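Enquirer:
Protein chains: 2
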Amino acid sequence: MSGTGFHTRQLAVVGLGLMGGSLAMALRGHADVIVGVDQVARSREIALERGIVDEATDDLRAACREADTVALCAPVRIILSIVRGRLGAYLRSNTFVIDIGSTKEDICEAMGQLPIGVQAIGGHPMTGKETSGIESSDAYLYRQRPFVLCSTRRTTPAARLRALSFVEALGGEGIEMDAHRHDRTVAAISHLPYLLSAALVATVKSEGDKDSAVWDLAAGGFRDTSRLAASNLDMMGDILSTNTQAVAALLARFRAHLALLEAALIDEDGEEITQLLRPVRQARIDWQKHYERKR
Amino acid sequence: MSGTGFHTRQLAVVGLGLMGGSLAMALRGHADVIVGVDQVARSREIALERGIVDEATDDLRAACREADTVALCAPVRIILSIVRGRLGAYLRSNTFVIDIGSTKEDICEAMGQLPIGVQAIGGHPMTGKETSGIESSDAYLYRQRPFVLCSTRRTTPAARLRALSFVEALGGEGIEMDAHRHDRTVAAISHLPYLLSAALVATVKSEGDKDSAVWDLAAGGFRDTSRLAASNLDMMGDILSTNTQAVAALLARFRAHLALLEAALIDEDGEEITQLLRPVRQARIDWQKHYERKR
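Keeping their order, the protein sequence lines are chains W and P.
225 is the number that this note's numbering gives to position 207 of the first sequence; each next residue is one higher, with no gaps.
45 is the number that this note's numbering gives to position 27 of the second sequence; each next residue is one higher, with no gaps.
1) I want to see whether chain P comes within less than 8 Å of I207 of chain W, judged by CB atoms only; does it?
2) Against Y158 of chain P, what residues of chain W qualify as contacts under a CB-to-CB distance less than 7 Å, listed in chain order?
3) Is the beta carbon of C126 of chain W sitting closer than 8 Å to the one on G140 of chain W?
4) Please list, in chain order, the chain W residues whose beta carbon lies closer than 7 Å to that of V232 of chain P.
5) Would you say F240 of chain W faces chain P, with C-beta separation under 8 Å as the test?
6) Apply the 10 Å Cβ neighbour rule to Y158 of chain P and answer buried if 16 or more other Cβ atoms are within range, or exposed otherwise.
7) Would you report the Cα separation of N112 of chain P and D86 of chain P, rounded to the nearest angstrom?
8) Decide if Q293 of chain P is buried, meaning its Cβ has at least 16 other Cβ atoms within 10 Å, or exposed.
9) How many Å lie between G130 of chain W and R171 of chain W at the Cα?
10) Does any residue of chain P bring its CB to less than 8 Å from the CB of V265 of chain W?
11) Going by the DSSP bridge assignment, what does E186 of chain W pair with across the sheet?
12) What does F114 of chain W pair with, by DSSP beta-bridge criteria?
13) What residue does the beta strand (DSSP E) around V14 of chain W start on, and which one ends it?
14) Rounded to whole angstroms, what is the Cα-Cα separation between G226 of chain W and I207 of chain W?
15) Between T75 of chain P and R271 of chain W, how many whole angstroms is the CB-CB distance? I'm expecting something under 8 Å.
16) Report the start-end ranges of each alpha helix (DSSP H) in the segment 236-295 of chain P that is 4 residues or longer and not cut off at the edges.
17) Going by the DSSP bridge assignment, what does T26 of chain P pair with across the sheet?
18) Could one say the Cβ of A216 of chain P lies closer than 8 Å to chain W's Cβ atoms, at least one of them?
19) Which residues mark the beginning and the end of the beta strand (DSSP E) in which P211 of chain W is found?
20) At the 8 Å Cβ level, is T121 of chain W part of the contact set with chain P, yes or no?
21) By the criterion of Cβ-Cβ separation under 9 Å, what are the contact partners of D196 of chain P in chain W?
22) Roughly how many angstroms separate the alpha carbons of A236 of chain P and L41 of chain W, rounded to a whole number?
23) For the alpha helix (DSSP H) containing G151 of chain P, name the first residue and the last one.
24) Name, going along the chain, the residues of the segment 132-153 of chain P whose beta-carbon falls closer than 7 Å to a beta-carbon of chain W.
25) Would you mind stating whether Q137 of chain P and A177 of chain P have Cβ atoms separated by less than 8 Å?
26) Identify whether G130 of chain W lies in helix, strand or coil by the three-state DSSP scheme.
27) When the Cα of S309 of chain W is compared with those of P:L258, P:A231, P:D117, which residue comes out closest?
28) How would you label P164 of chain P, buried or exposed, when you count the other beta carbons within 10 angstroms and need 16 or more for buried?
29) Let me see if you follow: with CB-CB separation under 8 Å, is L182 of chain W close to chain P or not?
30) Please determine whether the Cβ atom of L36 of chain P lies at a distance below 7 Å from any heavy atom of the ligand HEM.
31) What is the DSSP secondary structure of A44 of chain P, reduced to helix, strand or coil?
32) Throw me the rounded Cβ distance for the L276 of chain P and V265 of chain P pair, which I believe falls under 8 Å.
33) For A65 of chain P, count the other beta carbons within 10 Å of its own beta carbon; 16 or more makes it buried, fewer makes it exposed. Which is it?
34) Using a Cβ-Cβ cutoff of 9 Å, what residues of the segment 241-254 of chain W are near chain P? List them in chain order.
35) Between the C-alpha atoms of L213 of chain P and K307 of chain P, what's the straight-line distance to the nearest angstrom?
36) Between which two residues does the alpha helix (DSSP H) harbouring T170 of chain W extend?
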């Protein structure tokens, strides 16, 4: 595969946060010049000081004019406004454009409206960190993690191959699927868990407001189940608002499963409870093995 | 506090699993003789081989006859059947009885029916491990962990003090509260999270049955939110069936919080979503600090 190695003359990384900084670091040997774009002066300074980028600007046009690869590494709503906005006018023909947004249907739809000749594909690396910001950048952030690729109306066969070698250069594992299927999948494994976690904390908080012992006794089970409730609000707001339909469908299914458990509980039907919970437990155990094998 | 140190002549540990084995190990220097009781020969053998107990038997009566302390370290339903069964007839007057069951109202009610003269108190150590069984025993399992104590009709003032010194000998932190309040609290922080985790896995499983990409892309967020779904079924069945009312009340409250989030989402009311989620996020962050400070 090294023969098909990714190389670009000028890489523009739009958004100098954890994801963009890590992407720039991982692609250091694959680009002649890396230009970072961010509105925040301090992020640009850090990126330059640490040698994460060669140049930094707040001018999207200046960064894109000479770029043959543009990586959009911002929150979903910002990626959307960039792609729907002036980006198309700034790009040279044949420029490769990829993003890292957490939902894909809206972004891929917008990418499909870019000028003919632009090579655009949606991306979603399944990776992250507890900490954010360019200062947390890590060249290994994408290593051995799934990186979903969603074709758009502007994805030629050559762009697909370019995207796969781009992901390979990052050390990630490319998984191609259409944007609709991606959004449905992450609604199940990521957005639904977030909402449950938030509603759990809201419930525990209303108990804790009446009796603080709740907070004193909460331990590992609560810690894990509620962890996602501490996620960044802007990011989650963006994600949820661009995936409402899939999330609502999954919520309806979740409520149905929860209602079955509750009914069996209230009926004091221990056999039914066990029949409901046994395959669930097994599925979780099987997945854990699957997950650890991959890592 | 060392002047009030716990000491017992003969300690009977009923149930040689992780909790009972760890308790016996932690109390090694506080008892002249430790007798283990279990129906499973292999558990008794391991307990003897490793010196966790001095004697082991499957005969509850034989173990209790000479005991001045009896620790019931079995699942909730078994504790209940022991306390409601012949235990009272086997105990000498003034014997101190404590349990480690995860729900307390039913057990404390049953303890209140023991013969006058028995010194019985309900206990719930907020500790555990991923692995179970006597072979996972750990003398430090109870260290610096909350150990809830719930008085019963058979808890004299002397029994309360004895219970506190018992917990101190284990290295735990005694927290006294009534059984009803305990059960409500753990419904919020433990049983509700378990049910959500199980219903989440049921939902993801129904998606995964249609599209296996769901299992491939699931990562850290799903892992943490779903971890409790792999809990031991017998244990969880016991717990839920002895805390149905509190769990049902918390489920109703949870559904209300989730419905508010969903309504704001479907209304595409980003401001309302943020208003709902911001205090939740802050509560989770505050609790994490509180939790880490204690540990």
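Beta carbons are placed, not taken as given, at the ideal position from N, Cα and C, and that holds for glycine.
Predicted model only: the values in this text are computed from it and were never measured.
Expert: Looking at the coordinates:
1) As a first step, residue 207 of chain W is located in the first sequence; it is residue number 189 there, counting from the start. I207 of chain W counts as touching chain P.
2) Residue 158 of chain P sits at position 140 when you count from the first residue of the second sequence. The contacting residues do not exist; Y158 of chain P stays about 15 Å from chain W at best.
3) The residue given as residue 126 of chain W occupies position 108 in the first sequence. The residue given as residue 140 of chain W occupies position 122 in the first sequence. Their beta carbons are under 8 Å apart, which means C126 of chain W touches G140 of chain W by this criterion.
4) Here residue 232 of chain P is taken as the residue at index 214 of the second sequence, counted from 1. Under the 7 Å cutoff, chain W gives T203, A206, I207.
5) The count along the first sequence starts at 1 and reaches residue 240 of chain W at position 222. Output row for F240 of chain W: interface = yes.
6) Here residue 158 of chain P corresponds to residue number 140 of the second sequence, with the count starting at 1. Exposed is the call here.
7) As a first step, residue 112 of chain P is located in the second sequence; it is residue number 94 there, counting from the start. As a first step, residue 86 of chain P is located in the second sequence; it is residue number 68 there, counting from the start. If I take the Cα positions, the gap works out to 7 Å.
8) In the second sequence, residue 293 of chain P corresponds to position 275, counting from 1. Exposed.
9) Translated into the one-based positions of the first sequence, residue 130 of chain W becomes position 112. Translated into the one-based positions of the first sequence, residue 171 of chain W becomes position 153. Here the C-alpha atom of G130 of chain W lies approximately 5 Å from the C-alpha atom of R171 of chain W.
10) Along the first sequence, one-based indexing puts residue 265 of chain W at 247. V265 of chain W counts as touching chain P.
11) Looking up residue 186 of chain W in the first sequence gives position 168. Note: E186 of chain W sits in no beta bridge, so no partner.
12) On the first sequence, residue 114 of chain W is found 96 positions in, with the first residue counted as 1. Answer by DSSP bridge pairing, in chain order: W:T87, W:Q137.
13) For chain W, the structure presents residues 19 to 313; residue 14 of chain W sits outside this window and is missing.
14) Taking the first residue of the first sequence as position 1, residue 226 of chain W is located at position 208. Taking the first residue of the first sequence as position 1, residue 207 of chain W is located at position 189. Computed Cα separation, rounded: 28 Å.
15) For the purposes of this step, residue 75 of chain P is taken as the residue at position 57 of the second sequence. For the purposes of this step, residue 271 of chain W is taken as the residue at position 253 of the first sequence. Contact flag wrong, Cβ pair sits at about 51 Å.
16) List check, alpha helix (DSSP H) in window: 238-244, 251-259, 262-284.
17) Here residue 26 of chain P corresponds to residue number 8 of the second sequence, with the count starting at 1. Note: T26 of chain P sits in a beta bridge opposite P:A49.
18) Taking the second sequence and counting its residues from 1, one reaches residue 216 of chain P at position 198. Chain W, which has a Cβ nearer than 8 Å to the Cβ of A216 of chain P, makes this yes.
19) Here residue 211 of chain W is taken as the residue at index 193 of the first sequence, counted from 1. Where P211 of chain W is concerned, there is no enclosing beta strand (DSSP E), although the alpha helix (DSSP H) around it starts and stops at 210-228.
20) Along the first sequence, read from residue 1 onward, the residue named residue 121 of chain W stands at position 103. Against chain P, the CB of T121 of chain W has no partner CB under 8 Å away; the residue lies outside that interface.
21) Within the second sequence, the letter at position 178 stands for residue 196 of chain P. Residues of chain W whose Cβ lies closer than 9 Å to the Cβ of D196 of chain P do not exist, since the nearest Cβ in that chain is about 11 Å away.
22) For this step, residue 236 of chain P is matched to residue 218 along the second sequence. For this step, residue 41 of chain W is matched to residue 23 along the first sequence. Taking the straight line from one Cα to the other gives about 22 Å.
23) Within the second sequence, the letter at position 133 stands for residue 151 of chain P. In the DSSP annotation of this structure, G151 of chain P is not part of any alpha helix (DSSP H), being labelled neither H nor E.
24) For the segment 132-153 of chain P, which is checked against every Cβ of chain W, the residues closer than 7 Å are M144.
25) In the second sequence, residue 137 of chain P corresponds to position 119, counting from 1. In the second sequence, residue 177 of chain P corresponds to position 159, counting from 1. Contact flag set, yes.
26) By one-based count along the first sequence, residue 130 of chain W stands at place 112. Collapsing the DSSP output to three states places G130 of chain W in coil.
27) By one-based count along the first sequence, residue 309 of chain W stands at place 291. Per the sequence shown, the amino acid found at residue 309 of chain W is Tyr instead of Ser. Nearest of P:L258, P:A231, P:D117 to Y309 of chain W, Cα basis: P:A231.
28) Reading the second sequence from its first residue, position 146 is the one you call residue 164 of chain P. Taking every protein chain shown into account, the CB of P164 of chain P has 16 or more other CB atoms within 10 angstroms, so this residue is buried.
29) Position 164 of the first sequence, counted from the first residue, corresponds to residue 182 of chain W. Chain P contact via Cβ: absent.
30) With respect to the ligand HEM, the structure shown offers nothing to examine, as it has no ligands at all.
31) The residue labelled residue 44 of chain P in the question sits at position 26 within the second sequence. Look at A44 of chain P here: in three-state DSSP terms it is helix.
32) Along the second sequence, one-based indexing puts residue 276 of chain P at 258. Along the second sequence, one-based indexing puts residue 265 of chain P at 247. In fact, because the Cβ distance is near 16 Å, the residues do not count as touching under 8 Å.
33) Your numbering for residue 65 of chain P matches position 47 in the second sequence. Buried is the call here.
34) If the cut-off is 9 Å between Cβ atoms, the segment 241-254 of chain W has R241, D242, T243, S244, R245, L246, A247, A248, S249, N250, L251, D252, M254 near chain P.
35) As a position in the second sequence, residue 213 of chain P is number 195, starting the count at 1. As a position in the second sequence, residue 307 of chain P is number 289, starting the count at 1. Looking at the two C-alpha atoms, the distance is approximately 25 Å.
36) Looking up residue 170 of chain W in the first sequence gives position 152. Run containing T170 of chain W: none; DSSP gives neither H nor E here.
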